[in-house]
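Novice:
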Amino acid sequence: MKPLYHPEREAISLEGVFSALGDSVRLNVIRELLNLPERAEKTCGTFAISVSKSTFSHHVRVLREAGLIQVRQEGAHSLLSLRREDVEARFPGLLAVVAIASSSNLISSDRPSHEDKVLQQTREVEL
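Numbering follows our numbering, in which position 53 of the sequence shown is assigned residue number 76; successive positions increment by one, without gaps.
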């Protein structure tokens with residue numbers, strides 16, 4: 024299997040991070056990873072997110088390419104972890120702000136993702 028691309032610490036951009044965090048599904052992935060101990064990993068199938076496997080894979084790729092998460096393959100499983108040290112080194116306090124905003128409901132997890140909006144529009148056209 025070909026190794027997955029993970030940007031070097033210096034290549035992690037604020038624009039890429041904000042873009043990745045701009046989707047509710049991806050933000051929920053980060054929230055779940057923030058609740059884990061440092062350097063802990065979580066398998067893709069254990070996230071409390073109700074999207075298809077291919078959609079979840081897309082969101083994981085966006086987060087990985089933005090430099091927010093590390094993905095490690097172990098057999099048939101993908102293990103995800105938050106790149107806390109790298110993100111903190113590039114943007115001190117950013118993850119703390121995300122954690123505080125998430126825990127105080129300043130960020131809505133009920134906001135539909137782009138994919139949810141497209142599906143809803145497709146259903147409306149079909150009716």
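Beta carbons: idealized from backbone N, C-alpha and C, even for Gly.
All values reported here derive from a predicted model rather than from experimental measurement.
For Ser-47, is the classification buried or exposed, using 16 other Cβ atoms within 10 angstroms of its Cβ as the cut-off for buried?
Specialist: Reading the sequence shown from its first residue, position 24 is the one you call residue 47. Ser-47 should be labelled buried.
Novice: Does the distance from the C-beta atom of Leu-105 to that of Leu-91 stay below 8 Å?
Specialist: Taking the sequence shown and counting its residues from 1, the one referred to as residue 105 is at position 82. Taking the sequence shown and counting its residues from 1, the one referred to as residue 91 is at position 68. Closer than 8 Å, so yes.
Novice: What did DSSP end up calling Ser-73 once you bin it into helix, strand or coil?
Specialist: Indexing the sequence shown from 1 puts residue 73 at position 50. Note: Ser-73 maps to coil in three-state DSSP.
Novice: I'd like the span of the alpha helix (DSSP H) that includes Leu-223, first residue to last.
Specialist: Here the chain has residues from 24 to 150 only, and residue 223 is not among them.
Novice: Since Ile-123 is in the alpha helix (DSSP H), which residue starts that stretch and which ends it?
Specialist: Residue mapping note: residue 123 aligns to position 100 of the sequence shown, counting from 1. Where Ile-123 is concerned, the enclosing alpha helix (DSSP H) stretches over 117-126.
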